[in-house]
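A.B. asks:
2 protein chains.
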Amino acid sequence: MKNGFNNTDRSVVLKEIILQQLKTFSLFSKVSDKELAKVVTISTVKKLKKSEIIFLEKDEYTGFYCIIEGIVKIYRVTREGKERIIHLMYNNNTFGEVPVFENYEKILKNNAKYPASAMSLCEGTRIIHIPAKPFFELMKNHYGLCMGMLSGLSAKLRIMQTQVVDVKSQDVTRRLINYILSEYNSRLSIKSRQTEIFSYNTFALSISKIDLSSYLGATLETVSRIFRRLQSENYITIKGKNITVNNYEGLKKLLNA
Amino acid sequence: MKNGFNNTDRSVVLKEIILQQLKTFSLFSKVSDKELAKVVTISTVKKLKKSEIIFLEKDEYTGFYCIIEGIVKIYRVTREGKERIIHLMYNNNTFGEVPVFENYEKILKNNAKYPASAMSLCEGTRIIHIPAKPFFELMKNHYGLCMGMLSGLSAKLRIMQTQVVDVKSQDVTRRLINYILSEYNSRLSIKSRQTEIFSYNTFALSISKIDLSSYLGATLETVSRIFRRLQSENYITIKGKNITVNNYEGLKKLLNA
DNA sequence: TATAAATATTGACAAAAGTCAAAATATTTA
DNA sequence: TAAATATTTTGACTTTTGTCAATATTTATA
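Keeping their order, the protein sequence lines are chains W and D. Residue 573 is where the first sequence starts when you use my numbering, and the numbers rise one by one after that. Residue 573 is where the second sequence starts when you use my numbering, and the numbers rise one by one after that.
#1: Can you have a look at D:L831 and say buried or exposed, based on whether 16 or more other CB atoms are within 10 angstroms of its CB?
#2: Please report whether the beta-carbon of D:D631 lies at a distance below 8 Å from any beta-carbon of chain W.
#3: Is it buried or exposed, D:T697, if we count other Cβ atoms within 10 angstroms and call 16 or more buried?
#4: Is it a yes or a no for the region 615-626 of chain W touching the region 741-761 of chain W, going by three-plus beta-carbon pairs under 8 Å?
#5: Between the alpha carbons of W:Y787 and W:Y637, how many angstroms are there, rounded?
#6: With DSSP collapsed to three states, give me the class of W:R765.
#7: Kindly indicate which residue of D:I700, D:N819 and D:G812 has the alpha-carbon position closest to the one of D:Y772.
#8: When Cβ atoms are compared, which residues of the region 720-748 of chain W fall closer than 7 Å to chain D?
#9: Would you please state the rounded distance, in angstroms, between the beta carbons of D:L725 and W:S726? I believe it to be under 8 Å.
#10: Contact criterion: CB-CB distance below 8 Å. Does D:G812 meet it with respect to chain W?
#11: Between W:S689, W:I752 and W:G642, which has its C-alpha nearest W:R648's C-alpha?
#12: Going by DSSP in three states, W:N750 sits in which element: helix, strand or coil?
#13: For W:F707, I'd like the list of residues in its chain whose CB is within less than 8 Å of its CB, leaving aside the five on either flank, ordered along the chain.
#14: If you draw a straight line from the alpha carbon of W:Y751 to that of D:L760, how long is it in whole angstroms?
#15: Please state if the CB of D:K740 and the CB of W:R656 are separated by a distance shorter than 8 Å.
#16: Less than 8 Å between the beta carbons of W:E632 and W:K685, yes or no?
#17: Using three-state DSSP, classify D:T616 as helix, strand or coil.
#18: On the DSSP bridge assignment, give the partners of W:V817 in chain order.
#19: For D:R730, does the three-state DSSP call read helix, strand or coil?
#20: Does any C-beta atom of chain W lie closer than 8 Å to the C-beta of D:E607?
#21: Look up D:A690 in the DSSP assignment and give the residues it is bridged to.
#22: Does DSSP classify W:E607 as helix, strand or coil?
#23: Could you name each continuous alpha helix (DSSP H) segment of 4 residues or more that falls completely within the region 649-707 of chain D, going from the start of the chain to the end?
#24: Looking only at its chain, what residues have a beta carbon closer than 8 Å to the beta carbon of W:H714, apart from the 5 residues adjacent to it on each side?
#25: At what residues does the beta strand (DSSP E) containing D:Y772 begin and finish?
#26: Would you give the residue range spanned by the alpha helix (DSSP H) that W:Y787 belongs to?
#27: Are the beta-carbon atoms of D:L680 and D:K622 separated by less than 8 Å?
#28: Starting from the C-beta of W:H659, find all residues in its chain whose C-beta is less than 6 Å away, skip the five residues before and the five after it, and write them out in chain order.
#29: Just how far apart, CA to CA, sit D:L777 and D:S758?
#30: Take the Cβ of D:N665 as the centre, count every other Cβ of all protein chains shown within 10 Å, and call the residue buried at 16 or more, exposed below.
#31: Quick check on D:T616 - is its C-beta less than 8 Å from some C-beta in chain W?
#32: Please list the partners that D:V611 has in chain W, where partner means a Cβ-to-Cβ separation under 9 Å.
#33: With a threshold of 8 Å between beta carbons, is W:F564 in contact with chain D?
#34: Mind checking the region 644-655 of chain D against chain W and listing, in chain order, the residues whose C-beta falls within less than 7 Å of any C-beta there?
#35: Measuring straight from C-alpha to C-alpha, what distance separates D:M732 and W:V736?
#36: Quick check: the Cα distance between D:T767 and D:Y662, rounded to an integer number of angstroms?
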């Protein structure tokens, strides 16, 4: 009995922590604490190392996940063995929900499969597993939860639509610049919130260039060369993982040129 | 009073027809006739010519559509004026639902926008418009309708995921072969259902090569050249819109080669 | 901390795909 | 049906991206 807690106390505290964490997900924004407590009951927390496989394509489907912290890649491996990242998921996002609604009969018979693979990209990635069957029961007649799911899936669909248009219409240079600018913007907003004073135009790549290439749909060599070109033309400076944006407006112009 | 029908009779008959048509949509598979009748009340049928614009990206959002007959392309136009097709939709599919769930507040204030454009690709395409606001009210506490939507969005998400992987990992030749084979297979199954006796390995392209290029994310010239190559190597024969598949297995092998 | 393993860079070359321009076919429409 | 318009093909050429191979650099691990 460390710290004066017994197992029951410990579990109660843990559950309360999970509940507070789930409350930050828009999926559960219209779910009461009482209902959310039921979700907590069925769910389990997992802490992952870097590069841990969460599930593989065609693994038996068990349920979906909520990301508390870290980065998860959703990917498929092609016949030729090329890996292609479909989605990079960050905290407060969920992944692996699709099979729940595609064919619930299959889930009941335990022969639903994951349509893609998932792997953690950071040390200390924390996820919550929510098993499909009890979750599905909770959804029945729970309008708020249905709406949460509907808006989550809709948001993902829109992201995918944008991604499809980008990959179909833009060259790798533009896709990479888009990535740099969006990372730059999202990091900047986090920094300014934290009033962290640091080299203002610098951010660290949160994923490897191998993964970045897989996400952009290009080879590592091509991406490496574009980085070099952007650096030689003074748009950016690269120091290891750190990227300094020297010419934000110039990069934006390259997108239209 | 033609045919001995007055307007009320006519409208009752029409509504019954719409109801029967909506029943074939999986979206409404778990909705009772009584509830579906309410949907019919708010919806309107539109018959379209070829190349009619249904809505444009950034148009004010009014609601979504069900395709009774024909083909609809969902697309965006890039900054450089290139059109890229995101989705080719056929009968018994719905499109334009995403904004309903992304931000319902916006819809109430009439400032939601369509995220992409939609155009009919066939003469006589028939669609049913379902306005967002009354539909949203019908969804409240209607579990079956929520589930229908959830499975529809899930199915679309999976299709988009596959498309993203394909565009990121395969060259245009493979993407075109994939298209040919899937069209071939789906037409074949329709033909065999209708026991239509016709040149067995032949089907007609249902869209123009311009649209096909836009869908594949390539230029018209590239697609034209690949068609020529596949013909010269005797995989297919092209006669106008008609494509004869001479070497199905060979095409499948090309996908892996 | 040395060693192994993974990640990233670079060059030379090949293949894929785009661009521009002209011409040939189809398809609409007057 | 002829003229006008839209679609498709083809060639010559350029640009982009991929492949293979060697090497450098970083990161993880014994």
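Glycine included, each C-beta is placed from N, C-alpha and C at the ideal position. Since the structure is predicted, the reported quantities are computational estimates derived from the model, not experimental observations.
C.D. replies: Let's see:
#1: Outside the modelled stretch of chain D, which goes from 573 to 829, sits residue 831 of chain D, for which no answer is possible.
#2: Position 59 of the second sequence, counted from the start, is the residue given in the question as residue 631 of chain D. Answer no: the Cβ-Cβ gap between D:D631 and chain W never drops below 8 Å.
#3: Residue mapping note: residue 697 of chain D aligns to position 125 of the second sequence, counting from 1. Buried.
#4: no
#5: For this step, residue 787 of chain W is matched to residue 215 along the first sequence. For this step, residue 637 of chain W is matched to residue 65 along the first sequence. Distance between the alpha carbons of W:Y787 and W:Y637 is about 21 Å.
#6: Translated into positions along the first sequence, residue 765 of chain W becomes position 193. Residue confidence for W:R765 is low, a pLDDT of 46 falling below 50, so the modelled location carries little weight and cannot support an answer.
#7: The residue labelled residue 772 of chain D in the question sits at position 200 within the second sequence. Measuring from the Cα of D:Y772, the nearest candidate turns out to be D:N819.
#8: M721, L722, S723, L725, S726, A727, K728, L729, R730, M732, Q733, Q735, V736, V737, V739, K740 and S741
#9: Position 153 of the second sequence, counted from the first residue, corresponds to residue 725 of chain D. Position 154 of the first sequence, counted from the first residue, corresponds to residue 726 of chain W. Yes, D:L725 and W:S726 are in contact; Cβ-Cβ is about 6 Å, under 8 Å.
#10: Against the second sequence, residue 812 of chain D aligns to sequence position 240. By this cut-off, D:G812 is not an interface position.
#11: Walking along the first sequence from the start, residue 648 of chain W turns up at place 76. Comparing Cα-Cα distances from W:R648 to each of W:S689, W:I752 and W:G642, the minimum goes to W:S689.
#12: Numbered from its first residue, the first sequence carries residue 750 of chain W at position 178. Residue state, collapsed to three classes: helix.
#13: Walking along the first sequence from the start, residue 707 of chain W turns up at place 135. These residues qualify, in order along the chain: V611, I614, G635, F636 and V672.
#14: The count along the first sequence starts at 1 and reaches residue 751 of chain W at position 179. The count along the second sequence starts at 1 and reaches residue 760 of chain D at position 188. Those two C-alpha atoms are separated by around 42 Å.
#15: The residue given as residue 656 of chain W occupies position 84 in the first sequence. The residue given as residue 740 of chain D occupies position 168 in the second sequence. Taking 8 Å as the Cβ cut-off, W:R656 and D:K740 qualify as a contacting pair.
#16: For this step, residue 632 of chain W is matched to residue 60 along the first sequence. For this step, residue 685 of chain W is matched to residue 113 along the first sequence. In this structure, W:K685 lies closer than 8 Å to W:E632 by Cβ.
#17: For the purposes of this step, residue 616 of chain D is taken as residue 44 along the second sequence, with counting starting at 1. In this structure, D:T616 counts as strand in the three-state DSSP scheme.
#18: Position 245 of the first sequence, counting from 1, holds the residue named residue 817 of chain W. Bridge partners of W:V817: W:I808.
#19: Here residue 730 of chain D corresponds to residue number 158 of the second sequence, with the count starting at 1. Reduced to three states, the DSSP call for D:R730 is helix.
#20: The count along the second sequence starts at 1 and reaches residue 607 of chain D at position 35. It does not; no Cβ of chain W falls within 8 Å.
#21: Locating residue 690 of chain D in the second sequence gives position 118, counting from the first residue. D:A690 pairs with D:F627 and D:I646.
#22: Residue mapping note: residue 607 of chain W aligns to position 35 of the first sequence, counting from 1. Of the three classes helix, strand and coil, the one that applies to W:E607 here is helix, per DSSP.
#23: 670-674 and 676-680
#24: As a working mapping, residue 714 of chain W is identified with position 142 in the first sequence. Around W:H714: V603 and E607.
#25: For this step, residue 772 of chain D is matched to residue 200 along the second sequence. Here D:Y772 belongs to no beta strand (DSSP E), and DSSP marks it neither H nor E.
#26: Along the first sequence, one-based indexing puts residue 787 of chain W at 215. Per DSSP, W:Y787 belongs to the alpha helix (DSSP H) from K781 to L788.
#27: Locating residue 680 of chain D in the second sequence gives position 108, where the first residue counts as 1. Locating residue 622 of chain D in the second sequence gives position 50, where the first residue counts as 1. No. Outside cutoff.
#28: By 1-based counting over the first sequence, the position of residue 659 of chain W is 87. The answer, listed in chain order, is I646.
#29: Walking along the second sequence from the start, residue 777 of chain D turns up at place 205. Walking along the second sequence from the start, residue 758 of chain D turns up at place 186. For D:L777 and D:S758, the distance between alpha carbons rounds to 12 Å.
#30: Counting from one through the second sequence, the residue named residue 665 of chain D turns up at place 93. So D:N665 counts as buried.
#31: As a first step, residue 616 of chain D must be located in the second sequence, where it is residue number 44. No, its Cβ sits nowhere closer than 8 Å to a Cβ of chain W.
#32: Position 39 of the second sequence holds residue 611 of chain D. Those within 9 Å of D:V611 in chain W number zero; the least Cβ separation is about 17 Å.
#33: Missing from the structure shown is residue 564 of chain W; chain W here goes from 573 to 829 and no further.
#34: R648, T650, R651 and K654
#35: Stepping through the second sequence from its first residue, residue 732 of chain D is reached at position 160. Stepping through the first sequence from its first residue, residue 736 of chain W is reached at position 164. Taking the straight line from one Cα to the other gives about 8 Å.
#36: Position 195 of the second sequence, counted from the start, is the residue given in the question as residue 767 of chain D. Position 90 of the second sequence, counted from the start, is the residue given in the question as residue 662 of chain D. Unreliable positioning characterises D:T767 in this predicted model, as indicated by a pLDDT of 44, which lies under 50. The coordinate reading is nonetheless provided below. For D:T767 and D:Y662, the distance between alpha carbons rounds to 21 Å.
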